[in-house]
Amino acid sequence: MTAHRTRGSQDADDLDVEEALALVNENPGPRPPGRTPAPAPGRASAPGEGAADRDRRAHATPWAEARAVAERAGRPGRAGRRAPVSVTLDAALGLTLAAPLTALTDLPSFDTSAMDGWAVAGPGPWEVREEGVLAGRAAHPPLTDGEAVRIATGARIPPDTTAVLRSEHGRTDAAGRLHLDTAHGPRTVAQGQDIRPRGQECRSGDQLLAVGTLVTPAVLGLASAAGYDTLTVVPRPRAEVLVLGDELLTRGLPHDGLIRDALGPMLPPWLRALGADVVSVRRIGDDAEALHEAIATSGAEVVVTTGGTAAGPVDHVHPTLHRLGAELLVDGVGVRPGHPMLLARVHDHQHLVGLPGNPLAAVSGLLTLAEPLLRTLAARPAPEPYTMPLRGTVQSHPRDTRLVPVVLRGDHAVPLHYNGPAMLRGVAAADALAVVLPGGARPDEETELLDLPWASSGIGVCFT
């Protein structure tokens, strides 16, 4: 898995001694012999930690505020509103309506039968016409009192029909005449019974769905029924992924200090699930000039980088953004894992999300910065926040929010093990991430959850 090396400075996701003890024990007790406590925030740095890293730690944006900044960054501003596009129905799934969905016809557009049975006129009994009425056929001749005709669900109602008599509510005698079946009690025929009248669902010109509605399969069905061949939608924001690091392999087993790239395969489908159109994935390595060229020439609206966001000798993201004149909107977030993530406005039509190199830390960055940015650019509605009680105690970070993989079991969220910054084993089985604030979460305490895009459950592997 991708777990970028320290790169000349203390990894910003690694916990110091006091922090690690706080995550394991509420009362850590005496310090083990020979260990030196890490410095308190704002004091002298740990060995090897650069001044830039210390400054980012001290001025990290609180987690909730970072998400709000990312959401605001995607709103129309200096770049103006993103132009809507017209797409066919089969290309509209997951996009957002940029124009109201207005009925182009009455629904239904003619009186139809709601059931299989007989269209009848008058109180009965009825003489049954020989030819039945099927869906998709032209208008049938009018009925006269005492007449009935076999009719299928969805077929056009003949003029002067009183009602539709369901198949199970009628019987025919030896002469072929239709009667009400009263074997199980009295039965009557009411005017309009089991008929769907024209315009029952909507009239032509009625607004069916508002601007901003997410196009789901049901929306596609409604649009088709209402007469649409295309929809006017907000296009997916274009995203490009830049995978950084000389140590990454794309195939085979890790060897000789080289490790497999986990983020290259993971990020594109995850970004698509968040609403992006991933135009390319490029592997660059630890090359400042190549990184500058890639960002400067990218036509994507959102560039996502992996690793290189700290202040080590081969961490080139910050210097490159400075060279490009980019505006840093978020430079470090008070969240674990994923502390050294960043968000920058490269220019009016482009943002960069810098993810940490460790896999779970990168997931944290996706849900903290990429999700609200992409959601807003795509004009998707924000998910309704929700909470569930946690089963078991979850320790907190002393200062920062923690994002912990959980599975949903009944009415509880169950924290998963294997939730270190470099691990994906826990989140691979997770349904959501629990937002654990400083101070921790006690058993059965209501805790905010962030759904993963696929939000699956019932996986037969449990790491608790």
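Quick note on our numbering: the sequence shown kicks off at 614 and runs consecutively.
Ideal Cβ positions, reconstructed from N, Cα and C, are used throughout, including at glycine.
Between residue i and residue j, which are expected to be in contact by the criterion C-beta below 8 Å, what is the C-beta distance as a whole number of angstroms?
i, j, result
"L821", "L833", "That belief does not hold up - the Cβ atoms of L821 and L833 are roughly 12 Å apart, past 8 Å."
"L987", "A889", "5 Å"
"A768", "L747", "6 Å"
"S977", "L1016", "5 Å"
"A901", "H929", "4 Å"
"L1037", "A875", "6 Å"
"P996", "D1064", "7 Å"
"T981", "R680", "6 Å"
"P738", "V802", "Contact flag wrong, Cβ pair sits at about 11 Å."
"T919", "L857", "6 Å"
"H952", "D1013", "7 Å"
"T1060", "T1000", "6 Å"
"S837", "A716", "The Cβ separation is near 12 Å, so there is no contact."
Which two residues bound the contiguous beta strand (DSSP E) that contains residue i?
i, result
"I764", "E760 to I764"
"E781", "Looking at the DSSP string, E781 is not in any beta strand (DSSP E), and its letter there is neither H nor E."
"E853", "R851 to V856"
"W739", "W739 to V741"
"E1059", "E1059 to D1064"
"L793", "R790 to L793"
"T701", "V698 to T701"
Going by the CB atoms, is the gap between residue j and residue i shorter than 9 Å?
i, j, result
"L855", "I897", "yes"
"E678", "P985", "no"
"L778", "A761", "yes"
"A686", "L1046", "no"
"G947", "P675", "yes"
"T766", "A727", "yes"
"P939", "L904", "The identity of residue 939 in the sequence shown is Ala, whereas the question assumes Pro. Contact: no."
"L791", "R784", "yes"
"A974", "V915", "no"
"V846", "V698", "yes"
"L827", "P998", "no"
"A1026", "P1002", "yes"
"G812", "D719", "yes"
"T709", "A991", "yes"
"I764", "D729", "yes"
"P1034", "P972", "yes"
"V1020", "A1042", "yes"
"A610", "P830", "For the chain, the structure presents residues 614 to 1077; residue 610 sits outside this window and is missing."
"V824", "A776", "no"
"H672", "G945", "yes"
"R873", "L866", "yes"
"N1032", "P1018", "yes"
"P721", "E814", "yes"
Hey, quick one: how far does the alpha helix (DSSP H) through residue i stretch, first residue to last?
i, result
"W676", "W676 to A686"
"V1040", "R1038 to A1041"
"A1047", "Segment A1045 to V1049 is the beta strand (DSSP E) holding A1047; no alpha helix (DSSP H) there."
"L904", "A901 to T910"
What residues are listed by DSSP as bridge partners for residue i?
i, result
"S893", "E853"
"W569", "Shown here, the chain extends from 614 to 1077; a query on residue 569 therefore has no answer."
"H1025", "R1022"
"S726", "I808"
"R769", "T725"
"L717", "Answer is none; L717 lacks a bridge partner."
"T709", "L827 and V847"
"A1054", "V1007"
"T757", "Paired residue(s): none; T757 is not in a bridge."
Any heavy atom of the ligand MN closer than 8 Å to the beta-carbon of residue i?
i, result
"P878", "The model depicted lacks the ligand MN and carries no ligand whatsoever."
Counting only runs that start and end within the segment 955-1023, where is the alpha helix (DSSP H) found for 4 or more residues in a row?
972-978 and 984-990
Start-end ranges of the alpha helix (DSSP H) lying completely within the segment 918-953, minimum 4 residues
930-937
Whole beta strand (DSSP E) runs in the segment 800-881 with 3 or more residues, listed along the chain?
820-822, 843-847 and 851-856
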